[in-house]
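Participant: Below is a structure I'd like to ask you about.
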Amino acid sequence: MTLLSVRDVSKRFGGLQAVGGVSFDVARGSIKALIGPNGAGKTTLFNLISGVLPPDSGRILFDGTAVQGLQPFEIAALGMARTFQHIRLFPKMTVLENVMVGRHVHSRAGFLAGMLNLPFTWSEERRIRDRSFEILELLGIADSAQAEATSLAYGQQRVVELGRALACEPQLLLLDEPVAGLNMRETIDMGKRIAKVRDRGITVLLVEHDMSLVMNISDEVVVLCYGEKIAEDRPLAIQRNREVIRVYLGEVQ
Amino acid sequence: MHLDFFFQYLVAGVTYGTIYAIVAIGFNIIYNATGIINFAQGEFVMLGGMTAVTLSRFLPLPVAILGAVAVTTVIGAVIEITFIRWLHRPSVLRMIIITIGISILIRETALHVWGESVRALPYFTGSSVTSIHLGGVYISPQVLWVIGVSALAVAGLSAFFNYTLLGRQVRACSANRDAARLCGISVSNMVTLSFMLSAAIGALAGCVVCPITYIQYDSGTPLAIKGFTVAILGGLGNSVAAVAAGMILGVLESFSIWFLPAAYKEAISISLLLIILFVRPSGIFGSAEAARLKEF
Amino acid sequence: MKARILPVAAFAVFIVVIQLVTHLTDSTYHLTQLTMTAYYSLLIVGLCMLIGYAGQISLGHAGFFAIGGYLTAFLTTRDLSQQKGNFFVSMLSKSGVLVARPDLYGGDLLNVHPWLACAVAVIAAVVIAYLVGGPVLKLKGHYLAMATLGFGIIIYRIALGTGFLGAADGISDVPGFPLLSGLEITGKSSMRIPNYYLAWGLVILGMVLLLNLIHSRVGRALSSIHGAEDAADAVGIPTARYKLNVFVLSAVFAALAGVLLTHYNGGIGPSEASVMKSVRYVAIVAAGGMANLWGALSMSLVLNYLSLRGYFGTFDDAVFGAILILIMLFAPEGLLRRHLFGDLKRIFSGSSEEEAP
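Protein chains in written order, with the working numbering: chain A, 14 to 266; chain B, 3 to 298; chain C, 51 to 407.
Set out below in structure tokens:
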């Protein structure tokens, strides 16, 4: 069952074709990795899928619904959550609050209800808080719940961002370089967390440079180069793919 | 409408347009060097005119004007050094509010120094009733002074930025601060220099236009807004476009009396500003991509 | 929640104390400026919400104040008695929303009832805020500041240049705003004390609503928009819509303040729409700590009162300009930082409950 279907998507920035006619599918319940040398267009592709940028052409189908051209918040409401390459936590808010914001699409108290402090908001707030706390416990960072999010160590911040995305209860989780800047042990821990996420039924699409993580946890790998897809296969097969090797390591004489 | 009326309006539009263009160029110089919009830009024009009037009481006119320009230039430098130089990567919001505060302080100081009275320099040549007959139209010689001096100023600046070492250093700063620093250019001094240049041409414009338009302590703010409108219309940072944009606004404003009561003349430039901001903030000649990339 | 009620109650007590002090020192006339200060504070706290929590600067908020004030002034002073034959006017008259009152010369005026005028004024402000806010809030940085500045100037020019709005003289002879059982919002000295409490009561109500909002799901969303707008988008928060809603909310506060103060003062002039007023309001919010409602309220109380009493003399505008510069140079987070108040509160209330910022 295909959850995400990227069909012939292209994006050009002035003279640069960042993404050119890329197509691939992501099967429900799987972990798919997007790799490629720097400048291959991976983050641009993410931005196209999550609605930050509209594609010049092509279609993106999420759970059967066409989402190209929709606003990011609309796509999020459909069940897609993402993390960012450079951590984008909310400063001046605690870890718990950061995750609570993730519950936004699953709650409904609006401006009027908030101002008048209507009774239904009391139980809703409690539910939001409890659920968010559960997520922190699941990820093992419940101890830092009241700490200001940006005061945490880099590795911990990445986990908080993951928690915030999980709070959205997404069907599809987009992870943009989830282990960038993490040391080996943190990388392994994050890999375990991502696997746990998949085991709970959430589909994962991730962009990564760290090959150990990619090869370890992905079910399938897509390789981009200069905005074009040059390979899509199981991890082991990708490792042996001539074109991929050439693109990463150069010509073998 | 009579053809002579048409030309009178046109001339008035071009005259004011020139001044707006000069203010816009002042904005652009500082913006290019620092990414800051200096809301106090209009006050430089006011200071130039008012100082010149005071100096002209006991100095011959050309000396008074030079003196006024010099004084305003120094004030520009002082402002930069006192308020701006030591800020470390200030946010856009902070800079906006600071320069607004500076413009208020300058205006209030001017109010207390010169009172509310309206001043004017004497006409450089001839008087308020002299007129030159040019191709069927009667133009005051002062208009020629405005256009002439402004053109010289713009040419001078252009030569400075393109052909002198100092000018190229300033341009280097606007292109890439850190790279400029690595080349041994003192960025903070270039910033001060840009403030001084802005102040100088603003003051010059103030001197040359006040015989026609008169000047008082609060003449600065409306000029700043119109200058900003022109700068945006031409594309922020693009001084050549600013000249064209200035003409457009000046003429538009001048002819607006045709279809709007005079009381709403100010509304023309504001409305134009809002339209540009909503429709195409990068201006007529600017590029949308570049506008987004320029670090605020 | 208890921690939220405490400062509100403390403030209410403070308001009562001030009134008693003026009573005991026989200086009740102070209450007039204090009442005016209250209405300005209503605008200020709404503006604080916009600048501090939604992160949008507005250099034209005096414009909304003027829209509220001028509309109500115009409707309640415009004599309709000559147009009784007009269909629209007679409809209004039949539905009982017109009011007859004597004018200065013993004749009879027919005006719109202040309640209807107030409703019209606030609705107009809402509509204009939605129309203007939509495109304006898409702008960033300098462009946003300039657009809001431009908006304020347009309102000012309209007020200054339009004949039936009184041009430079403004509109005067505005009647009081009647409430129930003989109470009226008016500057008459006989109603000084009730008016004082009415005004500050309204401010406290406004504070409660805004504090509730800040501590709600929407408040959290607003903080997140302010902190990292792209991330807020990514978790499903409709950022553009929320920013617009806060803009409209702050416009409502400003317009309401304009309506009620106009009835209190008995009139309004174009200076209420001027750029200097808008700048003043931003200066006060900045001084109080951009995202600190209590800070903004305290600063408003102090600075507006001093200004109204004339303590700044001819340097009035200069003072606010200087405040702006000093705050932005040295304390961009404001003098009363959010957490400072939170810390003080915690010390005094002795509770271990951690206040959500």
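Note that the Cβ used here is the ideal one computed from N, Cα and C, for glycine as well. As the structure is a prediction and not an experimental result, all values here were calculated from the model.
Would S136 (chain A) count as contacting chain C if we go by Cβ distances under 7 Å?
Facilitator: One-based indexing of the first sequence puts residue 136 (chain A) at position 123. No, its Cβ sits nowhere closer than 7 Å to a Cβ of chain C.
Participant: Given a cut-off of 7 Å, decide if L102 (chain A) and Q170 (chain A) are closer than it, judged by their beta-carbon atoms.
Facilitator: For the purposes of this step, residue 170 (chain A) is taken as residue 157 along the first sequence, with counting starting at 1. For the purposes of this step, residue 102 (chain A) is taken as residue 89 along the first sequence, with counting starting at 1. Contact: yes.
Participant: Using a Cβ-Cβ distance cut-off of 7 Å, determine whether I203 (chain C) contacts chain B.
Facilitator: Mapped onto the third sequence, residue 203 (chain C) falls at position 153. Chain B, which has a Cβ nearer than 7 Å to the Cβ of I203 (chain C), makes this yes.
Participant: What number of angstroms, rounded off, separates the C-alpha of G317 (chain C) from the C-alpha of A218 (chain C)?
Facilitator: Reading the third sequence from its first residue, position 267 is the one you call residue 317 (chain C). Reading the third sequence from its first residue, position 168 is the one you call residue 218 (chain C). Going from the Cα of G317 (chain C) to the Cα of A218 (chain C) covers about 13 Å.
Participant: Please name the residue, chosen from C:L356, C:A282, C:Y103 and C:L347, that lies closest to E87 (chain A) on a Cα-to-Cα basis.
Facilitator: Within the first sequence, the letter at position 74 stands for residue 87 (chain A). The shortest Cα separation from E87 (chain A) among C:L356, C:A282, C:Y103 and C:L347 belongs to C:A282.
Participant: Quick check on DSSP: helix, strand or coil for I217 (chain B)?
Facilitator: By one-based count along the second sequence, residue 217 (chain B) stands at place 215. In this structure, I217 (chain B) counts as strand in the three-state DSSP scheme.
Participant: Cβ of A233 (chain B) less than 7 Å from any chain C Cβ?
Facilitator: Taking the second sequence and counting its residues from 1, the one referred to as residue 233 (chain B) is at position 231. It does not; no Cβ of chain C falls within 7 Å.
Participant: Since L140 (chain B) sits in a beta bridge, which residues does DSSP pair it with?
Facilitator: As a first step, residue 140 (chain B) is located in the second sequence; it is residue number 138 there, counting from the start. The sequence given here places Tyr at residue 140 (chain B); Leu does not occur at that position. For Y140 (chain B), which the question treats as bridged, DSSP gives the partners B:H135.
Participant: According to DSSP, P152 (chain C) sits in a beta bridge with which residue or residues?
Facilitator: Position 102 of the third sequence, counting from 1, holds the residue named residue 152 (chain C). BP columns for P152 (chain C) point to C:D158.
Participant: F75 (chain A) bridges to which residues according to DSSP?
Facilitator: Looking up residue 75 (chain A) in the first sequence gives position 62. The partner list for F75 (chain A) (beta bridge, DSSP) reads A:L17 and A:T78.
Participant: By Cβ distance, which residues of its chain are closer than 8 Å to R96 (chain B), with the 5 residues on each side in sequence left out?
Facilitator: Taking the second sequence and counting its residues from 1, one reaches residue 96 (chain B) at position 94. Same-chain partners within the cutoff: L89.
Participant: DSSP on R2 (chain A), reduced to helix/strand/coil?
Facilitator: Examination of residue 2 (chain A) is not possible in this model, given that chain A is present from 14 through 266 alone.
Participant: Output yes if chain A places a C-beta closer than 7 Å to the C-beta of N245 (chain C); else output no.
Facilitator: Within the third sequence, the letter at position 195 stands for residue 245 (chain C). Chain A, which has no Cβ nearer than 7 Å to the Cβ of N245 (chain C), makes this no.
Participant: CB-CB under 6 Å to A406 (chain C), same chain, minus the five flanking residues each way: which ones, in chain order?
Facilitator: Translated into positions along the third sequence, residue 406 (chain C) becomes position 356. Any reading at A406 (chain C) needs caution, since the residue's pLDDT is 38, under 50, leaving its predicted position unreliable; the model's value is listed next. Excluding positions up to five away in sequence, the list is empty.
Participant: Taking the alpha-carbon positions, what's the A233 (chain B) to F29 (chain B) distance?
Facilitator: As a first step, residue 233 (chain B) must be located in the second sequence, where it is residue number 231. As a first step, residue 29 (chain B) must be located in the second sequence, where it is residue number 27. Distance between the alpha carbons of A233 (chain B) and F29 (chain B): 7 Å.
Participant: Could you tell me which whole beta strand (DSSP E) segments of length 3 or greater appear in the region 299-365 of chain C?
Facilitator: none
Participant: Between which two residues does the alpha helix (DSSP H) containing C98 (chain C) stretch?
Facilitator: Counting from 1 along the third sequence, the entry for residue 98 (chain C) is found at position 48. Where C98 (chain C) is concerned, the enclosing alpha helix (DSSP H) stretches over H80 to C98.
Participant: For G158 (chain B), which residues of its own chain have a beta-carbon under 7 Å away from its beta-carbon, when the five flanking residues on both sides are left out?
Facilitator: As a position in the second sequence, residue 158 (chain B) is number 156, starting the count at 1. No residues qualify anywhere along the chain.
Participant: Can a CB atom of chain C be found closer than 7 Å to the CB of Q98 (chain A)?
Facilitator: The count along the first sequence starts at 1 and reaches residue 98 (chain A) at position 85. Proximity of Q98 (chain A) to chain C, defined by a Cβ-Cβ separation below 7 Å, is not satisfied.
Participant: Residues in its own chain within less than 7 Å of A209 (chain C) by CB, not counting five upstream and five downstream?
Facilitator: For the purposes of this step, residue 209 (chain C) is taken as the residue at position 159 of the third sequence. A116, Y120, L215, P320 and A323, listed in sequence order.
Participant: Whose C-alpha, out of B:I24, B:S271, B:T74 and B:V115, is nearest the C-alpha of I149 (chain B)?
Facilitator: Residue numbering aside, residue 149 (chain B) sits at position 147 when the second sequence is read from its first letter. Out of B:I24, B:S271, B:T74 and B:V115, B:I24 has the C-alpha closest to the C-alpha of I149 (chain B).
Participant: For chain C, find out if any of its Cβ atoms is closer than 7 Å to the Cβ of Y266 (chain B); answer yes or no.
Facilitator: Indexing the second sequence from 1 puts residue 266 (chain B) at position 264. Answer yes: the Cβ-Cβ gap between Y266 (chain B) and chain C drops below 7 Å somewhere.
Participant: Might you give, ordered along the chain, the residues of its own chain that have their beta carbon closer than 8 Å to the beta carbon of I83 (chain B), omitting 5 neighbours on each side?
Facilitator: Counted from its first residue, the second sequence places residue 83 (chain B) at position 81. Sequence-distant Cβ neighbours of I83 (chain B) in its own chain, meaning closer than 8 Å and more than five residues away, are T194.
Participant: Report buried or exposed for R206 (chain A), applying the criterion of at least 16 other Cβ atoms within 10 angstroms of its Cβ.
Facilitator: For this step, residue 206 (chain A) is matched to residue 193 along the first sequence. By the neighbour-count rule (16 or more Cβ atoms within 10 Å), R206 (chain A) is buried.
Participant: Give every residue of the same chain whose Cβ lies closer than 6 Å to the Cβ of I373 (chain C), excluding the five residues on either side of it in the sequence, and list them in chain order.
Facilitator: In the third sequence, residue 373 (chain C) corresponds to position 323, counting from 1. Correct list, in chain order: A333 and A337.
Participant: Counting C-beta neighbours from all protein chains within 10 Å, is the total for Y165 (chain B) 16 or more, i.e. buried, or is it exposed?
Facilitator: For the purposes of this step, residue 165 (chain B) is taken as the residue at position 163 of the second sequence. So Y165 (chain B) ends up on the exposed side.
Participant: Going residue by residue through the region 137-209 of chain A, where are the continuous alpha helix (DSSP H) segments of at least 4 residues, counting only ones entirely within it?
Facilitator: Those alpha helix (DSSP H) runs which fall completely within the region 137-209 of chain A and span 4+ residues are 167-180.
Participant: Output the distance between the C-alpha atoms of L272 (chain C) and Y103 (chain C), rounded to the nearest integer angstrom.
Facilitator: Stepping through the third sequence from its first residue, residue 272 (chain C) is reached at position 222. Stepping through the third sequence from its first residue, residue 103 (chain C) is reached at position 53. Roughly 6 Å between the two C-alpha positions.
Participant: Kindly list, in the order they appear in chain E, the residues whose Cβ is closer than 7 Å to that of A182 (chain B).
Facilitator: No chain E is part of this structure, whose protein chains are labelled A, B and C.
Participant: Would you mind working out which of B:L49, B:R59, B:I227 and B:R282 sits nearest T198 (chain C), comparing C-alpha positions?
Facilitator: Position 148 of the third sequence, counted from the start, is the residue given in the question as residue 198 (chain C). Minimum Cα distance to T198 (chain C) is reached at B:I227.
Participant: Is any beta-carbon of chain A found at less than 7 Å from that of R54 (chain C)?
Facilitator: The count along the third sequence starts at 1 and reaches residue 54 (chain C) at position 4. No, R54 (chain C) lies away from the interface with chain A (no Cβ there is under 7 Å from its Cβ).
Participant: Using the DSSP secondary-structure output, state which residues sit across from S70 (chain A) in a beta bridge.
Facilitator: The sequence position of residue 70 (chain A) within the first sequence is 57, counting from 1. In DSSP, S70 (chain A) forms a bridge with A:S23.
Participant: Rounded to whole angstroms, how far is the Cβ of A155 (chain A) from the Cβ of T96 (chain A), which I believe are closer than 8 Å?
Facilitator: The residue labelled residue 155 (chain A) in the question sits at position 142 within the first sequence. The residue labelled residue 96 (chain A) in the question sits at position 83 within the first sequence. So it is not a contact: roughly 19 Å between Cβ atoms.
Participant: Please report the distance separating the alpha-carbon of Y239 (chain A) from that of E221 (chain A).
Facilitator: For the purposes of this step, residue 239 (chain A) is taken as the residue at position 226 of the first sequence. For the purposes of this step, residue 221 (chain A) is taken as the residue at position 208 of the first sequence. So the two alpha carbons sit approximately 16 Å from each other.
Participant: Looking at C-beta atoms only, is the number of pairs between the region 208-227 of chain B and the region 243-260 of chain B that lie closer than 8 Å three or more?
Facilitator: Cβ pair count under 8 Å is below three, so no.
Participant: What in chain C is Cβ-close to G127 (chain A), meaning under 7 Å?
Facilitator: Taking the first sequence and counting its residues from 1, one reaches residue 127 (chain A) at position 114. Within chain C, the residues near G127 (chain A) are N262, L263, S266, R267, V268 and G269.
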